[in-house]
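One structure is given below, encoded as structure tokens.
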């Protein structure tokens, strides 16, 4: 695929190979132009911004042939500045440099196509005002990492550019040389045949389903460490699920979800990477089935976040000044029996 510029923004050129598996224009472009969504491509086709052999195509169902040259004129995007919205935040910690929240399910991190409002960014703008770092751009002020929409747990945002730079470097390092550490709790189908393990498998965009990621040789390196912390049996007394503690050495999109599905243990409730495991819920007891139905999402929670505080040293341990700060947050089901210990801050250990 070649790229160029046009008066309206970006021009993309695609030559049909004939092995895309489809003949419809919209489906061929979805495979060959993964950075554009199906809905975006359809809109461009209907707007006359897509030409085949120099002529605009009337419909997304137009049949292309091997060797056809398709040109896509993508108008320059105009980034709308997000506005503050009064969205309640579960605050774990806040000072002049950072804010740490316990993100609930259903909350998208930053505005994007289909989610222009109601995001964490909108909530942070309302809560922090103009103090958020602008390094992330107009649509991502203060954001240094993200969680999937339906993944819950700890997130940190930067309230000034100094903090943003420091946190960005820490997340890029993934704890190889510093204090950064991220821990996740994941309920997975089945019981792995060993106590702990590591998945070292590259992740890239799925070749056919744009909303999915997949283990592919063409992908970027991705490393996930996991360990069994508890196992659960079904109604027949046989192991049916496990609670895993996961840590990341890299930060790829959907990494834990993709890696656990890759080794045959997808997350409970994950409709994207574990739909063929849906019938296994029938082997759960009534109470467990009800809990899974009530969850309504993938069973993944970011429970641990350790960073080096980006501001002046504030935390003391004996006589030694320490900037390491650790946050831990229990999952909702764990908090039912330990409500007073749902969130914990450990300035130095």
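In my numbering, the protein residues as written are 1 to 349.
Note that the Cβ used here is the ideal one computed from N, Cα and C, for glycine as well.
Among the options, whose alpha-carbon lies nearest the alpha-carbon of residue i?
{"i": "residue 13", "options": "20, 68, 107", "result": "68"}
{"i": "residue 287", "options": "152, 235, 274", "result": "235"}
{"i": "residue 309", "options": "300, 294, 166", "result": "166"}
{"i": "residue 11", "options": "26, 42, 49, 39", "result": "49"}
{"i": "residue 158", "options": "144, 171, 151", "result": "144"}
{"i": "residue 16", "options": "47, 52, 93, 109", "result": "52"}
{"i": "residue 193", "options": "278, 231, 176, 96", "result": "231"}
{"i": "residue 30", "options": "115, 105, 207, 303", "result": "207"}
{"i": "residue 89", "options": "96, 107, 95", "result": "107"}
{"i": "residue 151", "options": "92, 94, 32, 105", "result": "105"}
{"i": "residue 172", "options": "279, 32, 252, 96", "result": "252"}
What's the C-alpha gap between residue i and residue j?
{"i": "residue 245", "j": "residue 215", "result": "21 Å"}
{"i": "residue 272", "j": "residue 185", "result": "19 Å"}
{"i": "residue 429", "j": "residue 164", "result": "In the structure displayed, the chain extends from 1 to 349; residue 429 sits before or after that span and is not available."}
{"i": "residue 182", "j": "residue 247", "result": "6 Å"}
{"i": "residue 74", "j": "residue 134", "result": "26 Å"}
{"i": "residue 149", "j": "residue 140", "result": "15 Å"}
{"i": "residue 54", "j": "residue 22", "result": "21 Å"}
{"i": "residue 316", "j": "residue 243", "result": "Any reading at residue 316 must be qualified, since the residue scores a pLDDT of 36, below 50, and its modelled position is unreliable; no value is offered."}
{"i": "residue 131", "j": "residue 113", "result": "25 Å"}
{"i": "residue 168", "j": "residue 47", "result": "39 Å"}
{"i": "residue 237", "j": "residue 213", "result": "34 Å"}
{"i": "residue 300", "j": "residue 138", "result": "29 Å"}
{"i": "residue 20", "j": "residue 257", "result": "27 Å"}
{"i": "residue 277", "j": "residue 285", "result": "16 Å"}
{"i": "residue 198", "j": "residue 226", "result": "6 Å"}
{"i": "residue 117", "j": "residue 111", "result": "6 Å"}
{"i": "residue 94", "j": "residue 283", "result": "44 Å"}
{"i": "residue 41", "j": "residue 323", "result": "48 Å"}
{"i": "residue 96", "j": "residue 32", "result": "45 Å"}
{"i": "residue 305", "j": "residue 103", "result": "13 Å"}
{"i": "residue 311", "j": "residue 268", "result": "39 Å"}
{"i": "residue 142", "j": "residue 176", "result": "23 Å"}
{"i": "residue 302", "j": "residue 279", "result": "27 Å"}
Is the shortest distance between the beta-carbon of residue i and the beta-carbons of chain D less than 8 Å?
{"i": "residue 239", "result": "Note that chain D does not occur in the displayed structure, where there is just one protein chain."}
Just to confirm before moving on: does the CB-CB distance between residue i and residue j stay below 8 Å?
{"i": "residue 101", "j": "residue 155", "result": "yes"}
{"i": "residue 98", "j": "residue 179", "result": "no"}
{"i": "residue 195", "j": "residue 224", "result": "no"}
{"i": "residue 275", "j": "residue 189", "result": "no"}
{"i": "residue 351", "j": "residue 153", "result": "Absent from the structure is residue 351, since the part of the chain shown begins at 1 and ends at 349."}
{"i": "residue 298", "j": "residue 270", "result": "yes"}
{"i": "residue 72", "j": "residue 126", "result": "no"}
{"i": "residue 187", "j": "residue 261", "result": "no"}
{"i": "residue 292", "j": "residue 281", "result": "yes"}
{"i": "residue 39", "j": "residue 210", "result": "no"}
{"i": "residue 66", "j": "residue 18", "result": "yes"}
{"i": "residue 109", "j": "residue 146", "result": "yes"}
Taking 8 Å as the limit between beta carbons, can you name the residues of its chain near residue i, skipping five residues before and five after?
{"i": "residue 264", "result": "190"}
{"i": "residue 161", "result": "133, 134, 135"}
{"i": "residue 233", "result": "239, 240"}
{"i": "residue 44", "result": "36, 50, 72, 73, 74"}
{"i": "residue 63", "result": "23, 24, 25"}
For residue i, which residues from the same chain have a beta carbon less than 6 Å from its beta carbon, with the 5 sequence-adjacent residues on both sides left out?
{"i": "residue 249", "result": "174, 223"}
{"i": "residue 34", "result": "205, 210"}
{"i": "residue 259", "result": "199, 224"}
Looking only at its own chain, which residues have a Cβ that is under 7 Å from the Cβ of residue i, when we skip the five neighbours before and after it?
{"i": "residue 170", "result": "178, 180, 307, 308"}
{"i": "residue 115", "result": "108"}
At least three beta-carbon pairs within less than 8 Å, the segment 200-207 to the segment 217-227: yes
Decide if the segment 115-123 is in contact with the segment 82-92; the criterion is three or more beta carbon pairs, one per stretch, under 8 Å apart. Put simply, the segment 115-123 touches the segment 82-92. At least three CB pairs are less than 8 Å apart.
Point to revise | Three-pair Cβ contact test at 8 Å for the segment 52-62 versus the segment 23-38 | key: yes
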